[in-house]
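Chains as they are written, first to last, in my numbering: chain Z, 111 to 450; chain C, 1408 to 1749.
Written below as structure tokens is the structure these notes are about.
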Amino acid sequence: MPPLPAWGAPESEPLLAVEDLHVEFVTRQGTVKAVNGVGYALHPGETLAVLGESGSGKSVTAQAIMGILDTPPARVPKGRIRFRGTDLLGLSEDARSQVRGSRIAMIFQDALSALNPVFTVGSQIAEMFRVHRGMSRRDAERRAVELMDRVRIPGARQRLHDYPHQFSGGMRQRIMIAMAIALDPEVLIADEPTTALDVTVQAQIMELLAELKRESDMGLILITHDLGVVADVADKIVVMYGGRVVENAPVHDLYRAPAHPYTRGLLDSIPRIDRKGRELHAIAGMPPNLLDMPPGCAFAPRCPYRQDDCVTAAPPLHRIGSTRGSACHYWREVLDGSHG
Amino acid sequence: MTARPHQVPLRRGPPAIRETPAELYERLVLGRYIIRRLLQAIPVLLGATLLIYAVVFALPGDPIASMYGEKRMDPDIIRIVREQYHLNDPFIVQYWHYISGVFQGDLGTTFAKVPVSEIIAGKFQVTLNLGLTALLMEAVIGVGLGFYAALRRGRAQDTMVLAATLLLISIPTLVTGFVLQLLLGVRLRQGTGIEIFPISGVSDGWRSYLLPAFVLAGTSIAYLTRLTRTSLAETLRADYIRTAVAKGMPRRRVVGRHALRNALIPLVTYLGADLGTLMGGAVITETIFNLPGIGQELFRSVYERQQPVVVGIVTLLVLVYILANLIVDLLYAVLDPRIRYE
């Protein structure tokens, strides 16, 4: 294993860069092209929100970064995932499992099913120290209690030997977070961490994640389909559709003026208090069939800006200024329409 | 969210000298649970005696006639014997005589005046040895093969295991019994000159049980292999397994710790319930291998209409079944902390 560059690499070098990533699943019905040339970059201390509906490829991309895709049926025919300059896809399984969990960690949507029901939460957290750091049981449990305190679990010491089902949904997600941050990872991927929770608890979890990120220089990838969650915490947004990045932008620019018809549709469909009583906007049509992707733009069948060339030629990611990009032939019109 | 009412020591290491209230409570609940389950067994056992008694009663043929076989008997003697064993009374009266004896600790006698308790005491050990050996073989081979197949799903080894289990399920015990007796018992001894697998009786100690136990366990091994394979394969797809992988746990630990404990839960249920099935199946196996256990005795007693013996043995098997299920339920809670006794 070539040594991964240590802390203090040049500023310009992103912490994590996904480049032209393709992931497909071989099934009986055919090859499902889940991710088709996705690229995004994450810098230390940054929060990147990855936004998209089910099937947009946002979770699959994250699982490819973690290296937890089941292969087969999944395979990665093309692309690179560079972590501090080293392509993770080129590493041996041994080298990857040293990165996984300790330098890049992940938390999942449903903490109840993501925690092992037959082991105590204490042992599941302590396991990180025991396996990765070779600590004794006693030391590892002491560290587990510290972590449970850090993610604000009341009475951490007494609850060390409790099982996941004895915790509430929010507390379980805190356990997941404690496990993920145990070894001070440089990248934390949160895959819809609040979807299964009450609204009030959602806010607490998001606040906790933001706080943990402030305390370290960790980069956070926040995967979500909820635009509301994103606005307060994210620095940059990547919008995915049909396994591609359709728009990327700093969060406020995107909210102010989306440059892709899909993003526009998403923003229009958020219920707003000043439009109370009026019918909610919905994006017409259905998400694309990943088994049989159209040759042109995946969003074309549902797009109000559609022209003839949209169904024949897939638009590349056009650069807009120095910080944004939109995969739409008519991004200028969309952007103007947003301003007007 | 519930908080423990008392401080629990951080490490559950060396023997805890003082019990916390929570632990005391759990112990009391557990004790009450076991007592209740055992009380529930009483009506089940009574029902079993009545049912078996009725079934043997309804069997065609006459016990006295079968006792004397072809010999012509003096009608007066037959009349005396019939009266002595209440054979002329209606069914319910006969059953009353039997069950009131049972409550006084008397399981009855055979027509030859041998107490049933004595017969069972002498032969139960053989069947228990046979059943437990079979259960051990089933657990080791079934779980082992199931794991082997599950970790190689879709590959040639997996397909071979599946085909082998299908074959084993399809062949009746009678056939595997005689074929293995011939091949591994007789032919192997003729070939090597050493008797590796004794084929009859129990005079060779534990070795006597190897072949019969394998034959007895055969079908169960096949079912358990398939169940293990499915259970592990399903567990490996669970979210918490993905979490374990994402935590950077080595595969050995993911399978051997995170998946194993969860995959074992349905297997324990099956194994527990199977001890009863195995001991019932001993009727055929003990007859093939001439093992002097209660299976063989049961077979003979049904043939001779020895009502008290049949009822005694079957009721004992029911009791074994009930106890095995109780042990399963207790083990269940050890494996799965979500289960609590009520």
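Think of the CB as a built atom: it goes at the ideal place given N, C-alpha and C, for glycine as much as any other residue.
Is the Cβ-Cβ distance between Val136 (chain Z) and Pro182 (chain Z) less than 8 Å? Within the first sequence, numbered from 1, the residue matching residue 136 (chain Z) stands at position 26. Within the first sequence, numbered from 1, the residue matching residue 182 (chain Z) stands at position 72. It is a contact, given that the beta carbons lie within the stated cut-off.
Per DSSP, Ser436 (chain Z) is paired with what? Position 326 of the first sequence, counting from 1, holds the residue named residue 436 (chain Z). BP columns for Ser436 (chain Z) point to Z:Glu357 and Z:His428.
In this structure, does DSSP put Phe135 (chain Z) in helix, strand or coil? Position 25 of the first sequence, counted from the first residue, corresponds to residue 135 (chain Z). When secondary structure is reduced to three states using DSSP, Phe135 (chain Z) falls in the strand class.
Can you tell me the Cα-Cα spacing of Met350 (chain Z) and Ile1628 (chain C), whole angstroms? What you label residue 350 (chain Z) is simply residue 240 of the first sequence in a count that begins at 1. What you label residue 1628 (chain C) is simply residue 221 of the second sequence in a count that begins at 1. Spanning the two alpha carbons is a distance of roughly 50 Å.
Is there at least one Cβ from chain C nearer than 8 Å to Leu126 (chain Z)'s Cβ? Counted from its first residue, the first sequence places residue 126 (chain Z) at position 16. So, not an interface residue.
Could you tell me whether the Cβ of Val1652 (chain C) comes closer than 8 Å to any Cβ of chain Z? In the second sequence, the residue the question calls residue 1652 (chain C) occupies position 245. Val1652 (chain C) counts as touching chain Z.
Val1662 (chain C) classed as buried or exposed, judged by whether at least 16 other C-beta atoms fall within 10 angstroms: Against the second sequence, residue 1662 (chain C) aligns to sequence position 255. The residue is buried, with at least 16 neighbouring Cβ atoms inside 10 Å.
8 Å Cβ cutoff met for Ala1740 (chain C) and Ile1734 (chain C): Mapped onto the second sequence, residue 1740 (chain C) falls at position 333. Mapped onto the second sequence, residue 1734 (chain C) falls at position 327. It is not a contact, given that the beta carbons lie outside the stated cut-off.
Measuring only the C-alpha atoms, how far is Arg1649 (chain C) from Glu1433 (chain C)? Taking the first residue of the second sequence as 1, we reach residue 1649 (chain C) at position 242. Taking the first residue of the second sequence as 1, we reach residue 1433 (chain C) at position 26. Approximately 33 Å, taken between the alpha carbons.
Where the beta strand (DSSP E) containing Tyr351 (chain Z) begins and where it ends: Along the first sequence, read from residue 1 onward, the residue named residue 351 (chain Z) stands at position 241. Membership of Tyr351 (chain Z) in the beta strand (DSSP E) is indicated by the continuous run Lys346 to Tyr351.
If we call anything under 8 Å between Cβ atoms a contact, is Glu251 (chain Z) one with Ala266 (chain Z)? Translated into positions along the first sequence, residue 251 (chain Z) becomes position 141. Translated into positions along the first sequence, residue 266 (chain Z) becomes position 156. Their beta carbons are not under 8 Å apart, which means Glu251 (chain Z) does not touch Ala266 (chain Z) by this criterion.
Cutting at 8 Å between CB atoms, please list the residues of its own chain near Val1593 (chain C), excluding the five before and the five after it. Translated into positions along the second sequence, residue 1593 (chain C) becomes position 186. Hits under 8 Å: Ile1606.
Residue(s) in a DSSP beta bridge with Thr310 (chain Z): Locating residue 310 (chain Z) in the first sequence gives position 200, where the first residue counts as 1. In the DSSP output, where bridge partners are listed per residue, Thr310 (chain Z) has none listed.
Quick check: what's the CA-CA separation for Thr1580 (chain C) versus Val1622 (chain C)? Residue numbering aside, residue 1580 (chain C) sits at position 173 when the second sequence is read from its first letter. Residue numbering aside, residue 1622 (chain C) sits at position 215 when the second sequence is read from its first letter. Cα to Cα, Thr1580 (chain C) sits roughly 7 Å from Val1622 (chain C).
Under 8 Å, with one C-beta from each stretch per pair, do the stretch 147-163 of chain Z and the stretch 328-335 of chain Z reach the 3-pair mark? yes
Could you name each continuous beta strand (DSSP E) segment of 3 residues or more that falls completely within the stretch 148-235 of chain Z, going from the start of the chain to the end? Runs of the beta strand (DSSP E) lying entirely within the stretch 148-235 of chain Z and spanning at least 3 residues, in chain order: 157-161, 184-193 and 214-217.
Does chain C have any CB closer than 8 Å to the CB of Leu307 (chain Z)? Within the first sequence, the letter at position 197 stands for residue 307 (chain Z). Not one chain C Cβ lies under 8 Å of Leu307 (chain Z).
Give every residue of the same chain whose Cβ lies closer than 6 Å to the Cβ of Gln1501 (chain C), excluding the five residues on either side of it in the sequence, and list them in chain order. Here residue 1501 (chain C) corresponds to residue number 94 of the second sequence, with the count starting at 1. If we look at Gln1501 (chain C) and ignore the five residues flanking it on each side, its Cβ neighbours are His1493.
I believe Ser223 (chain Z) touches Tyr1647 (chain C) by the beta-carbon criterion, under 8 Å. Please report the beta-carbon distance rounded to the nearest angstrom. In the first sequence, the residue the question calls residue 223 (chain Z) occupies position 113. In the second sequence, the residue the question calls residue 1647 (chain C) occupies position 240. Contact holds; Cβ gap of about 7 Å.
When you compare each of C:Glu1711, C:Asp1743 and C:Ala1689 to Leu1535 (chain C) by their alpha carbons, which one comes out closest? Taking the second sequence and counting its residues from 1, the one referred to as residue 1535 (chain C) is at position 128. Measuring from the Cα of Leu1535 (chain C), the nearest candidate turns out to be C:Ala1689.
Which first and last residues belong to the alpha helix (DSSP H) in which Ile383 (chain Z) is found? Start at 1 with the first residue of the first sequence, and residue 383 (chain Z) comes out as number 273. Segment: none, Ile383 (chain Z) is in no alpha helix (DSSP H) and carries neither H nor E.
Quick check: Val1533 (chain C) and Val1609 (chain C), are their CB atoms within less than 8 Å of each other? Counting from one through the second sequence, the residue named residue 1533 (chain C) turns up at place 126. Counting from one through the second sequence, the residue named residue 1609 (chain C) turns up at place 202. Yes. Within cutoff.
Amino acids of chain C, ordered along the chain, whose beta-carbon sits closer than 9 Å to that of Leu225 (chain Z): Taking the first sequence and counting its residues from 1, one reaches residue 225 (chain Z) at position 115. Going along chain C in sequence order, the residues near Leu225 (chain Z) (Cβ under 9 Å) are Asp1646, Tyr1647 and Thr1650.
Tell me whether the beta-carbon of Gly1553 (chain C) lies closer than 8 Å to the beta-carbon of Leu1634 (chain C). Here the question's residue 1553 (chain C) lines up with position 146 in the second sequence. Here the question's residue 1634 (chain C) lines up with position 227 in the second sequence. Yes. Within cutoff.
Do you know whose CA, among C:Ala1620, C:Leu1698, C:Arg1644 and C:Leu1643, lies nearest Ala1546 (chain C)'s CA? In the second sequence, counting from the first residue as 1, residue 1546 (chain C) sits at position 139. Here the closest residue by C-alpha is C:Ala1620.
How many angstroms separate the CA atom of Asp1513 (chain C) from the CA atom of Val1716 (chain C)? Taking the second sequence and counting its residues from 1, the one referred to as residue 1513 (chain C) is at position 106. Taking the second sequence and counting its residues from 1, the one referred to as residue 1716 (chain C) is at position 309. The straight-line gap from Cα to Cα measures roughly 12 Å.
For Asn1536 (chain C), which three-state DSSP category applies? By one-based count along the second sequence, residue 1536 (chain C) stands at place 129. Here Asn1536 (chain C) sits in helix by DSSP.
Per DSSP, Ile331 (chain Z) is paired with what? Within the first sequence, the letter at position 221 stands for residue 331 (chain Z). Per DSSP, Z:Leu158 and Z:Ile299.
For Asp446 (chain Z) and Ala341 (chain Z), I'd like the C-alpha separation in whole angstroms. Residue numbering aside, residue 446 (chain Z) sits at position 336 when the first sequence is read from its first letter. Residue numbering aside, residue 341 (chain Z) sits at position 231 when the first sequence is read from its first letter. Going from the Cα of Asp446 (chain Z) to the Cα of Ala341 (chain Z) covers about 22 Å.
Name the chain Z residues that come within less than 9 Å of Arg1660 (chain C), Cβ to Cβ? Taking the second sequence and counting its residues from 1, the one referred to as residue 1660 (chain C) is at position 253. Near Arg1660 (chain C) (Cβ distances below 9 Å), the residues of chain Z are Glu237 and Val241.
Taking DSSP as the reference, what is the three-state secondary structure of Leu1684 (chain C)? Here residue 1684 (chain C) corresponds to residue number 277 of the second sequence, with the count starting at 1. It should be noted that the sequence gives Thr, not Leu, for residue 1684 (chain C). For Thr1684 (chain C), the secondary structure class from DSSP, reduced to helix, strand or coil, is helix.
Consult DSSP for Val1690 (chain C) and reduce its assignment to one of helix, strand or coil. The sequence position of residue 1690 (chain C) within the second sequence is 283, counting from 1. Correct three-state label for Val1690 (chain C): helix.
Does the stretch 293-313 of chain Z come close enough to the stretch 127-143 of chain Z to have 3 or more Cβ pairs within less than 8 Å? Taking a contact to require three or more Cβ pairs closer than 8 Å, the stretch 293-313 of chain Z and the stretch 127-143 of chain Z do not qualify as touching.
Looking at Phe1560 (chain C): is its Cβ nearer than 8 Å to the Cβ of Ala1640 (chain C)? In the second sequence, the residue the question calls residue 1560 (chain C) occupies position 153. In the second sequence, the residue the question calls residue 1640 (chain C) occupies position 233. Residue 1560 (chain C) is actually Arg in this sequence, not Phe. In this structure, Arg1560 (chain C) lies near Ala1640 (chain C), with their beta-carbon atoms less than 8 Å apart.
Using a Cβ distance threshold of 8 Å, determine whether the stretch 209-218 of chain Z contacts the stretch 161-168 of chain Z, with at least three qualifying pairs required. When Cβ pairs closer than 8 Å are counted between the two stretches, the stretch 209-218 of chain Z is seen not to touch the stretch 161-168 of chain Z, the count staying below three.
Three-way DSSP call (helix, strand, coil) for Val128 (chain Z) in this model: As a working mapping, residue 128 (chain Z) is identified with position 18 in the first sequence. Of the three classes helix, strand and coil, the one that applies to Val128 (chain Z) here is strand, per DSSP.
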